[in-house]
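**Q** Under the working numbering, the first residue of the sequence shown carries the number 27, and numbering increases by one thereafter. No residue lacks a Cβ here, since even glycine has one placed at the ideal position from N, Cα and C. Only a predicted model underlies this, so the values are computations on that prediction, with no experimental measurement involved.
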Amino acid sequence: MKNFEVKLKDAERIKVDPVLVPNTSEKVSYSYSVTPVPVDIKYADPEIKALAMPTDDPADYNNGFARAGFGSRKSPFAEAGYHKVRKDIFDWGVYGKYFAVNDRDRILNHKMTDIDLRLNGNYVWKNNLILSADFNNSFKKRYLWNENVSIDSLFEVRDINKVGLHAGIQNISLSKYKLNYKATAGFSTTNVSDQNTLEQSLFIDGQIEKHRTDHLAFVINVRMEGFFLKSEKLKSLFNLKTSPHFILRFGKFKSVLGASALIASDKITIFPKVDLSYPVYKDHVQIFIGSDQKTFTNSIYNLLSINPFMNTNLNKLSNSVANEIYGGVKGEFSFLTYQCNVGYKDVRDQLFFNFDSIDVVRHKAFFDNTRFFFLEGNLEFRILQNVTLGGRININNFKMDTLRAPFHTPDFVISGWVKSSFLDNKVRLSFTTTAMDKYYYIDENNALKKSSFLLDVEAFAEYFPVRNVGIYLKGTNLINSTFQRWYGYRNIGTQISGGVMVTF
Numbered sequence: 027m028k029n030f031e032v033k034l035k036d037a038e039r040i041k042v043d044p045v046l047v048p049n050t051s052e053k054v055s056y057s058y059s060v061t062p063v064p065v066d067i068k069y070a071d072p073e074i075k076a077l078a079m080p081t082d083d084p085a086d087y088n089n090g091f092a093r094a095g096f097g098s099r100k101s102p103f104a105e106a107g108y109h110k111v112r113k114d115i116f117d118w119g120v121y122g123k124y125f126a127v128n129d130r131d132r133i134l135n136h137k138m139t140d141i142d143l144r145l146n147g148n149y150v151w152k153n154n155l156i157l158s159a160d161f162n163n164s165f166k167k168r169y170l171w172n173e174n175v176s177i178d179s180l181f182e183v184r185d186i187n188k189v190g191l192h193a194g195i196q197n198i199s200l201s202k203y204k205l206n207y208k209a210t211a212g213f214s215t216t217n218v219s220d221q222n223t224l225e226q227s228l229f230i231d232g233q234i235e236k237h238r239t240d241h242l243a244f245v246i247n248v249r250m251e252g253f254f255l256k257s258e259k260l261k262s263l264f265n266l267k268t269s270p271h272f273i274l275r276f277g278k279f280k281s282v283l284g285a286s287a288l289i290a291s292d293k294i295t296i297f298p299k300v301d302l303s304y305p306v307y308k309d310h311v312q313i314f315i316g317s318d319q320k321t322f323t324n325s326i327y328n329l330l331s332i333n334p335f336m337n338t339n340l341n342k343l344s345n346s347v348a349n350e351i352y353g354g355v356k357g358e359f360s361f362l363t364y365q366c367n368v369g370y371k372d373v374r375d376q377l378f379f380n381f382d383s384i385d386v387v388r389h390k391a392f393f394d395n396t397r398f399f400f401l402e403g404n405l406e407f408r409i410l411q412n413v414t415l416g417g418r419i420n421i422n423n424f425k426m427d428t429l430r431a432p433f434h435t436p437d438f439v440i441s442g443w444v445k446s447s448f449l450d451n452k453v454r455l456s457f458t459t460t461a462m463d464k465y466y467y468i469d470e471n472n473a474l475k476k477s478s479f480l481l482d483v484e485a486f487a488e489y490f491p492v493r494n495v496g497i498y499l500k501g502t503n504l505i506n507s508t509f510q511r512w513y514g515y516r517n518i519g520t521q522i523s524g525g526v527m528v529t530f
């Protein structure tokens, strides 16, 4: 492992970017940009065995997998992946997924399709360099029809097609000049059919780490980006991001000291980058405080990843910039990992979505400066060898500059889960519940209202009767919630699906 790379026990704090949680109204799978605390890797002590002792069984490793099934509300699903390593010099992988829903029997024009494809490869060159390449293609079909307005003629089909390609190079171990380095370049294009929108982007990204001693390193990273949007008018945005900083270790004390800067065509901003941590009691209790600047570019693809029903005719391309001060505690035991932090964020051009009274089937993007205190935390607790409990919480208190309310943004999201396995891991079960606070929105009469409260329950089970063949059963929205994550677009009702799985 490279010097000064973050060890697992030095897990980074939970981070939530200053953007709306990425969700669609069709799926009831709530994903938030919260990073769990990883656990420490434990290695067995070396042991010399007698020659007469039987040898260990071969490692149970599969290169590929495939899963296919069908569910209620006419929902086919297929997923497959394969990864191959050749002589520790070259490896490549491929992954694909297809998912669709047709719920038009219950809600007019309630359909969707998702298709994803990814190819990647890595090659070890001159024993200390890795060359990498990645191709990805994402296709989404959405049916734009606001059920609260219910005008049959106001209906459109939207295809969102994104193609991306990037390549990179990085060293494997510290060079003779005590350097670690990496560089990546990439290009992507996004087409949105219903509004004849085309967005192209490119980036160059690089990082150098200079290790002065075992206790001191200097890191500088630079990312240059360009975004070009063609819709009603041609728009562009250029970004230069950098965060030079020192990493210092004094005994148990670790510190990161530097600055994060954004130089862009829409704004220039600099903020201190600080992270101080100290283990009060081994790895079990660690305290940390810090500050940083986070940037989210409001490109068309980034916005559609959050809300696929948005109007792509933006006034301009922009960045949301959050300056953040935080502090908290984290730790791990053999049976428990946890992390909790509180802080304050000051965000310029925070993104919000709201109902558009002119274009009623699409949501309009709004931007406003906001400030808020936040609380974030998660934990995972193993109550038995094969039973684990977990939970996650995110609470915010938004104060707006000009908007009437933080539209479509809940003040809190709480989730919890139980995972278990039986019969030598042949049977695996999981149960997840998510609660989301009510959010403000503007209806078709320009009235400020609050949504319903979300309570979502999901369950998943899989069973492998033989070594490489199994079956699965999944239930989503088991309480049949009619929650609308985006006004006018309801979640799928209770859905039961199942199928077969194979590994090879």
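Using only CA atoms, which one of Tyr207, Asn206, Ser214 lies nearest to Asn187?
**A** Ranking the options by Cα distance to Asn187, first place goes to Ser214.
**Q** On the DSSP bridge assignment, give the partners of Gln319 in chain order.
**A** Gln319 pairs with Asn349.
**Q** Below 8 Å on the Cβ atoms is my contact criterion, and I expect Val120 with Tyr108 to pass it. Report the Cβ-Cβ distance as a whole number of Å.
**A** Yes, Val120 and Tyr108 are in contact; Cβ-Cβ is about 5 Å, under 8 Å.
**Q** For the candidate residues Asp469, Leu377, Asp309, Val453, whose alpha-carbon lies nearest to that of Ile384?
**A** Ranking the options by Cα distance to Ile384, first place goes to Asp469.
**Q** What residue ranges within the stretch 107-136 form continuous beta strand (DSSP E) runs of no fewer than 3 residues, ordered along the chain?
**A** With a minimum length of 3 residues, the continuous beta strand (DSSP E) runs that stay inside the stretch 107-136 are 116-128.
**Q** Using the three-state DSSP reduction, which class does Ile156 fall into: helix, strand or coil?
**A** DSSP places Ile156 in strand when its eight states are reduced to three.
**Q** Secondary structure at Pro44, three-state DSSP: helix, strand or coil?
**A** Residue placement at Pro44 is poorly supported in this model, since its pLDDT is 36, which falls under 50; the coordinates still yield a value, given next. It is coil, neither helix nor strand.
**Q** Which residue from Thr223, Ile230, Glu488, Gly190 puts its Cα closest to that of Lys208?
**A** Considering only alpha carbons, the answer is Ile230.
**Q** Contact between the stretch 276-284 and the stretch 249-262: three or more CB pairs below 8 Å?
**A** Because the criterion of three Cβ pairs below 8 Å is not met, the stretch 276-284 and the stretch 249-262 do not touch.
**Q** Please specify which runs of the beta strand (DSSP E), each continuous and at least 3 residues long, are wholly inside the stretch 429-494, giving them in chain order.
**A** Here the runs fully enclosed are 438-448, 453-462, 466-468, 474-476, 480-492.
**Q** In the DSSP assignment, find the unbroken alpha helix (DSSP H) run with Leu330 in it and report its ends.
**A** Where Leu330 is concerned, the enclosing alpha helix (DSSP H) stretches over 326-332.
**Q** Measure from the alpha carbon of Leu283 to the alpha carbon of each residue in Lys267, Ala290, Ile315, then state which is nearest.
**A** Nearest C-alpha to Leu283: Ile315.
**Q** Is the distance from the Cβ of Ala285 to the Cβ of Pro270 below 9 Å?
**A** Yes, these two residues count as a Cβ contact at 9 Å.
**Q** With a floor of 3 residues, list each beta strand (DSSP E) that falls wholly inside the stretch 212-276, ordered by position along the chain.
**A** As far as the stretch 212-276 is concerned, its whole beta strand (DSSP E) runs of at least 3 residues are 223-239, 242-256, 260-268, 271-276.
**Q** Taking buried to mean at least 16 other C-beta atoms within 10 Å of its own C-beta, is Thr428 buried or exposed?
**A** Exposed is the call here.
**Q** Tyr352 and Arg93 - do their beta-carbons sit closer together than 9 Å?
**A** The answer is no: Cβ separation not under 9 Å.
**Q** Quick check: the Cα distance between Asp66 and Gly357, rounded to an integer number of angstroms?
**A** Since pLDDT at Asp66 reaches only 29, below the 50 mark, its modelled position is unreliable, and the value read off the structure follows with that caveat. Looking at the two C-alpha atoms, the distance is approximately 10 Å.
**Q** Let me know the secondary structure DSSP gives Arg388 once reduced to three states.
**A** The answer is coil: DSSP assigns Arg388 none of H, G, I, E or B.
**Q** Going by DSSP, what residues sit across from Arg397 in a beta bridge?
**A** Arg397 is bridged to Asp372, Lys425.
**Q** Which one of Leu180, His434, Ile522 has the shortest CA to CA distance from Leu504?
**A** Ranking the options by Cα distance to Leu504, first place goes to Ile522.
**Q** Measure the C-alpha to C-alpha separation of Ser477 and Ile421 and round it to an integer number of angstroms.
**A** Whole-angstrom Cα-Cα distance: 17 Å.
**Q** Label Leu410 either buried or exposed according to how many other C-beta atoms from any shown protein chain fall within 10 Å of its C-beta, with 16 as the threshold for buried.
**A** So Leu410 ends up on the exposed side.
**Q** Under three-state DSSP, which class holds Thr502?
**A** Residue state, collapsed to three classes: strand.
**Q** For Lys152, is the classification buried or exposed, using 16 other Cβ atoms within 10 angstroms of its Cβ as the cut-off for buried?
**A** Label assigned to Lys152: exposed.
**Q** Is the stretch 321-328 touching the stretch 297-305, taking contact as three or more C-beta pairs under 8 Å?
**A** Short answer: they don't touch.
**Q** Just to check my reading of the structure: His389 and Met426 have Cβ atoms closer than 8 Å, yes? What is that Cβ distance to the nearest angstrom?
**A** About 18 Å; that fails the 8 Å criterion.
**Q** The beta strand (DSSP E) with Gly190 in it runs from where to where?
**A** First-last of the beta strand (DSSP E) with Gly190: 182-197.
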